[in-house]
Amino acid sequence: MPKETTAIIEQIAHQFNNDPTRLMDVARAVHGRLGHLSELSIGLIAKNLGIHRAQVRDMVSFYAFFSRSPQGKNVIRICTAVVERMNGADELVEAFEKELGIFLGETTEDGKVTLEKASCIGLSDQAPSVLVNGIALTQLKPEDVPGIVAAICSGDEIDTLPQARVRKNLRQSGPILLGPYESGDAVRKAIRKTPAEVIIELYASHLRGCGGAGFPTASKWEKCRTSKGESHYVICNADEGEPGTFKDRVILMENPELVFDGMTIAAFTIGAEEGMIYLRGEYDYLRGSLERALANHRQLGLLGNNICGIEGFNFDIRIQAAAGAYICGEESALIESLEGKRGAPRDRPPFPVERGYKEQPTLVNNVETFCGVSRVLEHGGQWFSRLGTEQSKGTKLLSISGDCRLPGVYEVEYGITVEKLLQQVDAEDAQAVQIGGPSGFCIGPKDYLRSIAFEDLPTGGSIIIFGPDRDILEYMYQFGEFFAEESCGWCVPCRVGTTLLLKDLREVLDGHATHRELDELKQLCGTIKTMSQCGLGLTAPNPILSTIEQFPELYEARLQEGDYYPRLDLNKALKAGCTASGRELFQIETGEPAVTNS
Amino acid sequence: MRDKTVTITIDGKQVEAKAGQKIIEAADDAGIYIPRLCHHKDLPPRGHCRLCVVKVDGRPRSSCTIPVEEGMTIENDTEELNAHRRTVLEMMFVEGNHFCPSCETSGNCELQAEGYRLGMVVPKLPYIETHREVDATHPDIFINRDLCILCGRCVRASALQDGKTVFAFEGRGIEKVITVNAEHGLGETLMDVADAAAHVCPTGCLRTKRVGYSVPVGERKYDHNPIGSEIEQAASH
Ligand SMILES: Cc1cc2nc3c(=O)[nH]c(=O)nc-3n(C[C@H](O)[C@H](O)[C@H](O)COP(=O)(O)O)c2cc1C
Ligand code: SF4
Ligand code: SF4
Ligand code: FES
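Chains as they are written, first to last, in this note's numbering: chain B, 94 to 691; chain U, 401 to 637.
Below, the structure written as structure tokens:
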């Protein structure tokens, strides 16, 4: 066995030129072949890549998809994100547990199946869903479970199951992003300009990044173009990890050519020869079709050497498959991950456009942003900027899920009000709307006339609707669980604070708090927001803070009277001791001793 | 270019700084102490502990990682920031298991000393009760992970000063711990008690065996002068 393992790992490492920056690919391949990453494998990988064992352990222990103990032949990951739980994910977990005779996190005795939970897998519009060996099964009901388990155990092809279908649910394709497109059109128009003119066109469009932060695309490109380096890199951020977003998945299924062409235009503009699409591990099932689309693009002469016949315009794109970590959507953590390391955010400055991948100037844009670029070059910046608001031009793709009749992807003009959106998706009775996912804000009806735009309600695209009967604070708690699980652990306020928030919020929700504890919870939120290193920690308290602001009555209803609520319930704490020692608990008046000999 | 100076303001005081210097270094040179734990003067900064966060033109930034720029206005010793720092310190206490009275590092511990300096009395936050393994496999050094604040000084010192990479991180989020470059324990690594990495730990986590009480309690580093006083005094001469 060790001999075999040695040979397998040698061969895999060789396939990636024994290059330590390709550790992600090597670890994924070894994991795929051997089912897990044992200490033996970790040592062998280190040896073959010429790095230390501790470095490999450091990296592989970071990602949710890597297991260091043996797993079943088949791995079922049940998505237990908020929208999934609103749609019955808990019942689904129970059904799988019952059918398999194991709990979440365990493997069946025959070694056939491991059952795990997953953060949002990007299918909230067809929840609840699971990934079986990377293949998505959607809109499941507990009744489906016996059939699925039987199929898995008898070794059937998972993708032939009737539930193995990923819908696009493209409810409204607008004028810009998701209309028809002829491969290469935008590139052919771009190369008639100089790189500087491409940037002028982007300035005219006022296009802003669609990954959440809304940074002006033109000025990012300009900075990257003027940064000096041995080589420049173009990276497409397809990590799409914010719970409730799935619009990048739909773009990659519907119109990947728009993305490729946007990246190629970037390469032309900043002078890059290498491009990478960082694709979240949860979207592994898209890889096959994306690879085919890339191959097609190469055949058309739109990737590779001398693109569109221009001597020396060489650029190609590779897909970097990832391994389950929300933080890797943050651009500097993404770059670390691409270099084969744990996804720990870097401090800035320097920014990636100055020093990014392999210390070289690197452009990171969201999937949707690259689509926007292609459209701008196809039709002109003026054309793009005629829609939208003062500070948010063009359109935006929204992923809408939760309590509505028509969940899915909508291309809307910036400036649309929440009220109008709710009409479109048939959810006019919404109690609350989560704008921008857990890291965004929860708003109530009094704010439904506000609009989706950077100057009002910014969003990377996630919109989650809570119907009138939902206990929204419980969902805020679940958002808190998400942050605690996904904190990278780099810095203290987020690593420890996200776990503490859960403890304190639980006390409030269970009615074990007064105004004083609620105030302390707010202060804790303030410390995490002020002191954390990156966007994850800075936004982790938002679900709590925004609901305290929008729905104070929900908190009031759970608070106790009085000055404080003791953290320790003395009677409860002493009970076990009393029982063991045969002494009785004595119901006390204030001022009396708590226990007494009997 | 290298020797260019810039002028910044820290808590209302004008300070000359060398271009390219980090804010914390410029403050040190001017005799202004900014609390810190993960930063070490001989190692590149990483920004793990966040104790050194100051407000730069109103925005919170870690002063150990951010370079000075002409005209920066910096707030450091404010009640608001010190309150946040106390909470962050408390987080380090409740994440581990720091029982100072029985710890042989008491008095030499930077974590404890920052607690005193910032006026932390007792953690009000709930304990997390993580359990981490002790590693006593090395003949001269032990690792008591319950006292680790994951400052990463040992990681950097071993890689950059000792050229050994004995230490690394393992796991994510609250599960994160310090790990060693061996299958089982520190005893199997190249670690030597003379290594720089053996002497950079700010707490009682990574310690040399058999010297714990060579300096009696009461005569230890921070028993008489608070942490940072050496920086404040150096500049006043
Ligand atoms: C915790 C965190 C997660 C993020 N996740 C994503 C993501 O999944 N996709 C994305 O495009 N941007 C994400 N971002 C934003 C990126 O850091 C970066 O701003 C973006 O990719 C830039 O592209 P854009 O300018 O085209 O928006 C995330 C940021 C943070 C702080
Ligand atoms: S804020 Fe959280 S995710 Fe960001 S660096 Fe700190 S621990 Fe990591
Ligand atoms: S062992 Fe000490 S030096 Fe190393 S990370 Fe932990 S606290 Fe820091
Ligand atoms: S000293 Fe700057 S973050 Fe720790």
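Where a beta carbon is used, it is the ideal one built from N, C-alpha and C, also for glycine. Computed from a predicted model, the values in this text were never measured in an experiment.
Does residue i come out as helix, strand or coil in the three-state DSSP assignment?
| i | result |
| --- | --- |
| B/C535 | strand |
| U/A417 | strand |
| U/N497 | coil |
| B/G630 | helix |
| B/S320 | coil |
| B/G481 | strand |
| B/D409 | strand |
| B/Q527 | strand |
| B/G136 | helix |
| B/L121 | Reading the sequence as shown, one finds Arg at residue 121 of chain B and not Leu. Helix, per DSSP. |
| U/T608 | strand |
| U/I578 | strand |
| B/I292 | helix |
| B/R301 | strand |
| U/L518 | coil |
| B/L594 | helix |
| B/P454 | coil |
| B/A687 | With a pLDDT of only 45 at B/A687, under the threshold of 50, the placement of this residue in the model should not be trusted; the figure read from the coordinates follows. Here B/A687 sits in coil by DSSP. |
| B/L224 | strand |
| B/S160 | coil |
| U/A568 | strand |
| B/N110 | coil |
| U/M401 | Low per-residue confidence applies at U/M401: pLDDT is 48, beneath 50, and the placement is therefore not dependable, though the value from the model is reported in the following sentence. U/M401: coil per DSSP, three-state reduction. |
| U/T473 | strand |
Identify the residues that DSSP records as bridge partners of residue i: which are they?
| i | result |
| --- | --- |
| B/N330 | B/Y371 and B/N459 |
| B/K191 | Answer is none; B/K191 lacks a bridge partner. |
| B/Y503 | B/Q265 and B/L491 |
| B/C172 | B/A211 |
| B/N738 | Lying outside 94 to 691, the shown extent of chain B, residue 738 of chain B is not represented and no answer is given. |
| U/N544 | U/V534 |
| B/G397 | B/F408 |
| B/L550 | B/I545 |
| U/V406 | U/A417 |
| U/V456 | U/R459 and U/I474 |
Taking 8 Å as the cut-off, decide whether the C-beta atoms of residue i and residue j are in contact.
| i | j | result |
| --- | --- | --- |
| U/V580 | U/F567 | yes |
| B/M624 | U/H484 | yes |
| U/L451 | U/E495 | no |
| U/T487 | U/I541 | no |
| B/S324 | B/Q453 | yes |
| B/A520 | B/C497 | yes |
| B/L130 | B/I101 | no |
| U/K404 | U/C464 | no |
| B/M117 | B/G433 | yes |
| B/G554 | B/L490 | yes |
| B/I493 | B/V518 | yes |
When you compare each of the options to residue i by their alpha carbons, which one comes out closest?
| i | options | result |
| --- | --- | --- |
| B/L270 | B/D341, B/L629, B/N111 and B/C627 | B/D341 |
| B/I138 | B/P163, B/A157, B/A174 and B/P95 | B/P95 |
| U/I434 | U/D457, U/R461 and U/D442 | U/R461 |
| B/V457 | B/G582, B/T338, B/V469 and B/G304 | B/G304 |
| U/E475 | U/G585, U/T409, U/R553 and U/G573 | U/T409 |
| B/Q626 | B/T462, B/R543 and B/S425 | B/S425 |
| U/D546 | U/K413, U/E575 and U/Q633 | U/E575 |
| B/Y378 | B/A360, B/A283, B/D252 and B/F339 | B/D252 |
| B/G353 | B/A418, B/G322 and B/T462 | A small correction: the amino acid at residue 353 of chain B is Phe; Gly does not occupy that position in the sequence shown. For the residues B/A418, B/G322 and B/T462, the minimum Cα distance to B/F353 belongs to B/T462. |
| B/Y419 | B/N635, B/G554 and B/G628 | B/G628 |
| B/C584 | U/M492, U/N482, U/P501 and U/E479 | U/M492 |
| U/A594 | U/V617, U/D477 and U/P539 | U/P539 |
| B/V505 | B/V601, B/C581, B/C618 and B/I556 | B/I556 |
Please confirm if residue i has its CB atom under 8 Å from at least one CB of chain C.
| i | result |
| --- | --- |
| U/G412 | Of the chains in the structure shown, none is chain C; the protein chains are B and U. |
_the region 233 to 240 of chain B touching the region 269 to 289 of chain B, judged by at least three CB pairs closer than 8 Å_ = They do not touch, by the three-pair rule.
*Between the region 428 to 439 of chain B and the region 385 to 394 of chain B, do three or more beta carbon pairs fall short of 8 Å?*
No, they do not touch.
*At a cut of 8 Å, does the region 468 to 475 of chain B reach the region 553 to 573 of chain B through at least three beta carbon pairs?*
The region 468 to 475 of chain B, when compared against the region 553 to 573 of chain B, does not touch it at the 8 Å Cβ threshold.
*Per the contact definition of three or more C-beta pairs closer than 8 Å, is the region 577 to 595 of chain B in contact with the region 549 to 562 of chain B?*
Flag = no, the region 549 to 562 of chain B and the region 577 to 595 of chain B do not touch.
*So does the region 147 to 162 of chain B actually touch the region 183 to 194 of chain B, counting three or more Cβ pairs closer than 8 Å?*
Counting Cβ pairs under 8 Å, fewer than three are found: no touch.
*Examine the Cβ distances between the region 367 to 387 of chain B and the region 330 to 347 of chain B and report whether three or more of them are shorter than 8 Å.*
Cβ pair count under 8 Å is three or more, so yes.
*Examine the Cβ distances between the region 506 to 522 of chain U and the region 609 to 624 of chain U and report whether three or more of them are shorter than 8 Å.*
The region 506 to 522 of chain U vs the region 609 to 624 of chain U: in contact.
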